[in-house]
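Working notes, beginning with the structure itself.
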Amino acid sequence: MDALFAVKYSYLIPLLPLAGAAIAGLFGARILRGRSHWPIWLGVGASAVLCLSLLVHMISLWRTGQSQLWATKDFYTWIEAGQFKATAGFFFDPLSAVMLAVVTGVGFLIIVFSAGYMKGEAGYYRFFAYMGLFIFTMTTLVMANNFLLLYLGWEGVGLCSYLLIGYYYQRPAAREAAKKAFLVNRIGDFGFGLGVMLIWKVFHTVSYFGGDGGGVLEMALNPTAQQAAAMRYIPFLLMLGAFGKSAQFPLYVWLPDAMEGPTPVSALIHAATMVTAGVYMIARCSALFVGNQAAMLTVAAVGAFTALLGATIALRQFDLKRVLAYSTISQLGYMFTAVGVLAPVAGMFHLVTHAFFKALLFLCCGVVMHAMAGELDMRKMSGVKRVLPWTNLFILVGCLALSGFPFVSGFFSKDEIIAAALRQSPILGGILLLTAFLTAYYTFRLYFRVFQGPLVIPQPPPAQEHAGHDPAHQHRKHSHESLILMLPLALLAEGAILAGFLNWPKSGLGDFLAASPSIAVATAGAPAAEPGSEPLFTPIMGMSALISLAGIALAYWLHLADRARSDRLAAALGPLTRVLDAKYWVDEIYQMFVVEPLRQLGEVFFLIDQLVLDGLVALVGLVPQLGGFAMKLSTQRGYLQGYAAVMLLGMAVILLMIFVT
Amino acid sequence: MESVLPVWLLLIPAAGALVGALLPAAASRFWALLVSLATLAVAVAMACRFHYGGALMQFNFDGFALPQIGASFSLGIDAIALWLVLLTVLLTPLSVAASFQSIQDRAREYYAWMLLLLAAMLGVFVARDLLLFYVFFELTLIPMFFIIGVWGGPERRYAAGKFFLFTFAGSIFTLAGAIYLGLHAGTFDIRQIITFAQNDLTSTQRYWVLLALLAGFAVKVPLFPVHTWLPLAHTEAPTAGSVILAGVLLKLGTYGLLRLAVPIGMIEAASGVAFPHALRVIGILCVVGVIYAALVAWVQRDIKKLVAYSSVSHLGFCVLGLLALNMHGIEGSVLYMVNHGLSTGAMFLVVGMIYDRYHTREIDQLSGLARKMPILAFFFVLFSLSSIGLPGLNGFVSEFLTILGAFTSEHLGVWFGAFAAVGVILGALYMLHMVACVIFGPLKVPVLHEDNVTAVDESGPGDIGGREIGILLPLAIAVVWLGVYPSPVLRSMNGAVRSMQQPLLSAKHTTPAPRTMFVRASRHVHPASEAP
């Protein structure tokens, strides 16, 4: 393992994109300008090649039957104080290799797409600098070999998310969304940070695997009494971080607002990679989670609940990107359920397939948005397939994958999760099946409304530029399906179809992942064998295929056959529609019960500060003197030197008195 | 190791102040820059020849002594002091350079006071004698009093007076405590006084000495209920005054706590921690201060006041770390002093640059500066992130270590860490609120002239220039470097911190098993077995 080129030079994986970001950031504004994507293309491209070679080599090592399929590599001591020590070091195993391949691979495609998509934007160089920084932090997060470096990546991706959501910083909505994303994530990170501290308190290290049994995840398998007691709390603290980063209930509220960022950002950060960090982290820390029934159940239940919640809200959204955002929340819920029911392989599998098809869907929405002059309201457009024939094809692939249409990638990965959930509890499985139906429905509601039916294209508002786009960029003659946009879409679409076969029983993503020491722990504790090794066509698969088809059929009936029908249905279901339209008032509840009280408290404290604390001082009698003092100064301006001299003299006298006595 | 370098460290700025006061006004600012750079050079020379990892004072200088009372002009430096000295000599030339344009009135006196202030601050860090320490400690007040009172904002006189009286009132008690200790110990040598205090003071004596020392240092830090002088002083002070005040002067308080109040008042040779309850009470004040000041910062409408309250919040972490009395807590705390000086100092510099252009610090009057001043916006966001404690930048390392220190401390415990960590969320809240208002959003700047009613894009002042970038860049480099590779700094303090901890460690062997976080579980067992 250590001899692999990609392991030996693994520091290049994060550093090349960082170097690209630095070049774009420093020289982009003046020198590179419209060529600012080149440093990032090269940096991330090289990094992607390294990651893919790591994956390929690791698979071939695995094929040859190498027993130890992991390596850890320290570069330098990052923080060392007393007994606390955290290194800057990387850890390689199948889990991180797969994650890396997804992050840099999908990331590279999206960055290529971005060069076409963002052309002519005011802060072109800034966008690419941030994207490079994101790949740096995300790969660091994935490769970290200890909790503190993970935390660096963890907050680092949050920063990039913040910067990119706020890319159009002049729009108040974007700036508020950016702030919200950072703060909600901070709440999660608060728990995560305390979890890391508790881990260090009882394990006296923050490394995952020491190689000699001295790592946290190794010791957690045979804990001492004190460690076992702390492990009752550790998973819950870590979980809070995962819920924030991966937008799970109750910390999901930032993700829909994050759609204020440019669409490639939504695709890369808020769908394919960053938001899956929570799933990755829990899969990585399986050793800490598996022994704790309550924690596992909580993860699974929150995941299933969020899946349903996100899907129900998506039903009534009319903004294309928001539908996809709630869908992402919902799909992340599936992944959480998977890791919660001891099926991290299924979770990771869904993570991979989801990365492809959700990135594809978002990028297609971006193309639609360009063609529709920045419009995202699906009520204002229809029959777009006539304008965007290629995009129509690609988005159809994405929609089929998301809705779990048989033999497209989402079908396989989702079914594995549902099967695993059903083995654990029929309630969880039932919720996920219901969610699958809703998913198929809202996905095709979007597709049928926007791409099928009679052609309706919104007129561009005359003077108003949307999303900071250069107005010249919007004009009609410009082709909306240029090669630089379509090529990445084609590759992603291919992935969205084929990724489902990664875990075909004989090809074995599952078995490969199970060679990761983290995953092995969880699969050993699972109630039944991992689905990857089961016969493919189970009754569940048939059932979920039917459910998916039923959802698509319902969408056809309501949104293509006769669109007025859906409005009548919505009106008939009055109160329910209102609840969904209001998104369960969750934002309002937060505002009323968290933000406002805190602000009031701040005002009250400030008042206390001014009146009570200062008032006490006044009571003590300082202020009369103070007044006199200040008055003297103000009336005798110009004599300050004299005062200084007097004061120094006074000091000298005091000192002399002390010395003499 | 004997050396006269520390004398140069004090003599250069002190003599420079005297000479500068006689120079023509036009030359005084370059003279001040030159002198402060020369001081920087001396400090760098010391850092280069410093023996890292050692526990003892280095570069010792023993000047004249007063054997009648045991005081002497003795200087020396260890790793803890070294980093604070470096912070001071770094911030001073930058502050001087930042004053080049904003200070036009009575410039000669201004720069003379700045240099005298530099000498006084350095004196505090290199003093090995308690009386000398106190003299320098007080001496910092006078230049700062004038800097605020003469070159400050509209309410400068009130602010300067309040600043002076608050800190002076506190430190009178410190002086009393110091004299009491010196007379009883028969010497003012800090090291000997600590040994004396840890071994020979009775509990009552120690209690009063602790209170006396705390009075001066807590006001200086400032700790929660006695912090009200700070926001006013910060707001009214000129930019350089705020930078030095936040960057170094507040650290005199934490440094005093670390060097004197804690070892003298809280550590006892026989039993380790002398007043665990007092320790916890101060710890609670720190945590309350962290949360309280963060919420107050959030509702401020003046940028400088917001940053000032953020200092109160941040220094709560710093003191909490040193109260933890474990190595990572104390080292984190010292690093916190340096980091806070860098990032808050930098923050005040950036705010000053905005003020120089628009003559306002009102959050409501500024918006979307990123569009007009992208370079300034970059630095503003960078230093905000450092202050927020983003991993990879300096603030995180010290914040994490201090909270971890409290969290794992035998004397404080998990809840102190957990509640302090709430301050980390709130820190992001007020900082990002400010960034969102000032840097992001639609562009809005105050109207400067009658004829320039619109005050939009191309008119009005532009982005920061070479001089200003030159001021901020060293700080930015330090912020990143201490975030990416802080371990040499932390490691260099091992010896000094361990020697401070020595009485604690040797006392621990005689005391029963330390408390653990799961003490409640074991408590359940004991009463049951004791029940009749």
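In order, the protein sequence lines correspond to chains F and U.
Count along the first sequence starting at 1, add 125, and that's the number in our numbering.
Count along the second sequence starting at 1, add 1496, and that's the number in our numbering.
Beta carbons are placed, not taken as given, at the ideal position from N, Cα and C, and that holds for glycine.
What did DSSP end up calling Gln1554(U) once you bin it into helix, strand or coil?
Position 58 of the second sequence, counted from the start, is the residue given in the question as residue 1554(U). Judged by DSSP in its simplified three-state form, Gln1554(U) adopts strand.
Val493(F) vs Leu525(F) beta-carbon contact at 8 Å:
For the purposes of this step, residue 493(F) is taken as the residue at position 368 of the first sequence. For the purposes of this step, residue 525(F) is taken as the residue at position 400 of the first sequence. In this structure, Val493(F) lies away from Leu525(F), with their beta-carbon atoms at least 8 Å apart.
Use the C-beta contact count for His1547(U): other C-beta atoms within 10 angstroms, 16 or more gives buried, fewer gives exposed.
For the purposes of this step, residue 1547(U) is identified with residue 51 of the second sequence, where counting begins at 1. Burial call: exposed.
Separation of Ile1859(U) from Leu1756(U), as counted between CA atoms:
Numbered from 1 along the second sequence, position 260 holds the residue referred to as residue 1756(U). Numbered from 1 along the second sequence, position 363 holds the residue referred to as residue 1859(U). Rounded to the nearest whole angstrom, the CA to CA distance from Leu1756(U) to Ile1859(U) is 40 Å.
Mind pulling the chain U residues with CB within less than 9 Å of Asp199(F)?
Looking up residue 199(F) in the first sequence gives position 74. Ordered by position in chain U, no residue passes the 9 Å Cβ test against Asp199(F), which lies about 12 Å from the chain.
For the alpha helix (DSSP H) that Ile1967(U) lies in, which residues bound it at each end?
Here residue 1967(U) corresponds to residue number 471 of the second sequence, with the count starting at 1. Gly1962 to Val1980 is the extent of the alpha helix (DSSP H) around Ile1967(U).
Mind checking whether the beta-carbon of Leu225(F) lies closer than 7 Å to any heavy atom of the ligand MG?
This structure lacks the ligand MG, and indeed carries no ligand of any kind.
Given Pro1727(U), which residues of its chain have a CB within under 7 Å of its CB, disregarding the five upstream and five downstream residues?
What you label residue 1727(U) is simply residue 231 of the second sequence in a count that begins at 1. Within the same chain, Cβ atoms closer than 7 Å to the Cβ of Pro1727(U) are found at Lys1801, Ala1804 and Tyr1805, the five residues on either side in sequence being excluded.
Please list the terminal residues of the continuous beta strand (DSSP E) segment that includes Trp1609(U).
Mapped onto the second sequence, residue 1609(U) falls at position 113. That residue, Trp1609(U), is in no beta strand (DSSP E); its alpha helix (DSSP H) goes Ala1603 to Val1622.
Using a C-beta to C-beta distance shorter than 7 Å, which residues of chain U count as neighbours of Glu280(F)?
Within the first sequence, the letter at position 155 stands for residue 280(F). When 7 Å is used as the limit between beta carbons, Glu280(F) is near these residues of chain U: Leu1886 and Pro1887, in chain order.
Measuring straight from C-alpha to C-alpha, what distance separates Met806(F) and Arg570(F)?
The structure shown does not extend to residue 806(F), since chain F is modelled only from 126 to 786, so the question has no answer here.
Note down the Cα distance separating Phe718(F) from Ala463(F), rounded to an integer number of angstroms.
Taking the first sequence and counting its residues from 1, one reaches residue 718(F) at position 593. Taking the first sequence and counting its residues from 1, one reaches residue 463(F) at position 338. Cα to Cα, the separation comes out at about 32 Å.
When burial is assigned at 16 or more other CB atoms within 10 Å of the CB, is Glu1498(U) buried or exposed?
Within the second sequence, the letter at position 2 stands for residue 1498(U). With fewer than 16 other Cβ atoms inside 10 Å of its own Cβ, Glu1498(U) counts as exposed.
Should Trp379(F) be flagged as near chain U, meaning a C-beta pair shorter than 8 Å?
Residue mapping note: residue 379(F) aligns to position 254 of the first sequence, counting from 1. For Trp379(F), the answer is no, since every Cβ of chain U falls outside 8 Å of its Cβ.
Determine the closest residue to Leu485(F) out of Leu225(F), Glu619(F) and Met473(F), with distance taken between C-alpha atoms.
As a position in the first sequence, residue 485(F) is number 360, starting the count at 1. Checked all of Leu225(F), Glu619(F) and Met473(F); the closest Cα to Leu485(F) is Glu619(F).
Taking DSSP as the reference, what is the three-state secondary structure of Asn271(F)?
Against the first sequence, residue 271(F) aligns to sequence position 146. In the structure shown, Asn271(F) adopts extended strand secondary structure according to DSSP, grouped into three states.
Whole runs of the alpha helix (DSSP H) within the region 1645-1728 of chain U, excluding any shorter than 4 residues:
List check, alpha helix (DSSP H) in window: 1652-1681, 1686-1696 and 1699-1716.
For Gly1768(U): DSSP bridge partner residues:
Mapped onto the second sequence, residue 1768(U) falls at position 272. Answer is Glu1764(U).
Beta-carbon proximity list for Cys1782(U), same chain, < 6 Å, skipping 5 on both sides:
For the purposes of this step, residue 1782(U) is identified with residue 286 of the second sequence, where counting begins at 1. Sequence-distant Cβ neighbours of Cys1782(U) in its own chain, meaning closer than 6 Å and more than five residues away, are Gly1812, Val1815 and Leu1816.
Among Ala1902(U), Ala1522(U), Leu1562(U) and Trp1504(U), which residue has its Cα nearest to the Cα of Val1540(U)?
Against the second sequence, residue 1540(U) aligns to sequence position 44. Residue Trp1504(U) is the option with its Cα nearest to Val1540(U).
At what residues does the alpha helix (DSSP H) containing Phe1632(U) begin and finish?
In the second sequence, residue 1632(U) corresponds to position 136, counting from 1. That run of the alpha helix (DSSP H) goes Leu1626 to Leu1635.
Between the C-alpha atoms of Tyr287(F) and Ala306(F), what's the straight-line distance to the nearest angstrom?
By one-based count along the first sequence, residue 287(F) stands at place 162. By one-based count along the first sequence, residue 306(F) stands at place 181. Straight-line spacing of the CA atoms in Tyr287(F) and Ala306(F) works out to 6 Å.
Return the CA-CA distance between Gly1891(U) and Thr1898(U), expressed in angstroms with no decimal places.
For the purposes of this step, residue 1891(U) is taken as residue 395 along the second sequence, with counting starting at 1. For the purposes of this step, residue 1898(U) is taken as residue 402 along the second sequence, with counting starting at 1. For Gly1891(U) and Thr1898(U), the distance between alpha carbons rounds to 11 Å.
Quick one: Cα of Trp1977(U) to Cα of Ala498(F), how far?
Against the second sequence, residue 1977(U) aligns to sequence position 481. Against the first sequence, residue 498(F) aligns to sequence position 373. Straight across, the Cα-Cα distance linking Trp1977(U) with Ala498(F) is about 45 Å.
Would a check of beta-carbon distances place Met1843(U) closer than 8 Å to chain F?
The sequence position of residue 1843(U) within the second sequence is 347, counting from 1. So no, Met1843(U) is outside the interface.
Is it true that the region 1756-1770 of chain U meets the region 690-702 of chain F, where meeting means three or more beta-carbon pairs spaced less than 8 Å apart?
Not touching, per the Cβ criterion.
At least three beta-carbon pairs within less than 8 Å, the region 1572-1582 of chain U to the region 1598-1608 of chain U
Too few Cβ pairs lie closer than 8 Å, so no.
For the region 246-278 of chain F, which residues have a beta carbon sitting closer than 7 Å to at least one beta carbon of chain U?
Within the region 246-278 of chain F, the residues whose Cβ lies closer than 7 Å to some Cβ of chain U are Tyr276 and Leu277, listed in chain order.
How would you list, in chain order, the residues of chain U whose beta-carbon sits under 8 Å from the beta-carbon of Pro297(F)?
Taking the first residue of the first sequence as position 1, residue 297(F) is located at position 172. Chain order gives the chain U residues near Pro297(F) as Gly1937 and Pro1938, where near means a beta carbon separation below 8 Å.
Which whole runs of the alpha helix (DSSP H) in the region 1742-1826 of chain U are 4 residues long or more, in chain order?
Segments of the alpha helix (DSSP H) lying fully in the region 1742-1826 of chain U: 1746-1752, 1772-1794 and 1799-1819.
List the residues of chain F that Val1893(U) touches, going by C-beta distances under 7 Å, in chain order.
As a first step, residue 1893(U) is located in the second sequence; it is residue number 397 there, counting from the start. Within chain F, the C-beta atoms nearer than 7 Å to that of Val1893(U) come from Ile204, in chain order.
Residues in the region 1789-1813 of chain U with C-beta within 7 Å of chain F's C-beta atoms, listed in sequence order?
Within the region 1789-1813 of chain U, the residues whose Cβ lies closer than 7 Å to some Cβ of chain F are Leu1791, Val1792, Trp1794 and Val1795, listed in chain order.
Note down, in chain order, each residue of its chain lying with its Cβ closer than 7 Å to the Cβ of Ala649(F), except the 5 sequence neighbours on either side.
The residue labelled residue 649(F) in the question sits at position 524 within the first sequence. The beta carbon of Ala649(F) is closer than 7 Å to none in its chain, skipping five residues each way along the sequence.
Hey, could you find the ends of the beta strand (DSSP E) Thr189(F) is sitting in?
In the first sequence, counting from the first residue as 1, residue 189(F) sits at position 64. Boundaries for Thr189(F): no beta strand (DSSP E) harbours it, and the DSSP string shows neither H nor E there.
To the nearest angstrom, how far is it from the Cα of Pro297(F) to the Cα of Leu258(F)?
Your numbering for residue 297(F) matches position 172 in the first sequence. Your numbering for residue 258(F) matches position 133 in the first sequence. Straight-line Cα distance between these residues: approximately 24 Å.
Inter-residue Cα distance where the pair is His1723(U) and Val1717(U):
Walking along the second sequence from the start, residue 1723(U) turns up at place 227. Walking along the second sequence from the start, residue 1717(U) turns up at place 221. As the crow flies, the alpha-carbon of His1723(U) is around 8 Å from that of Val1717(U).
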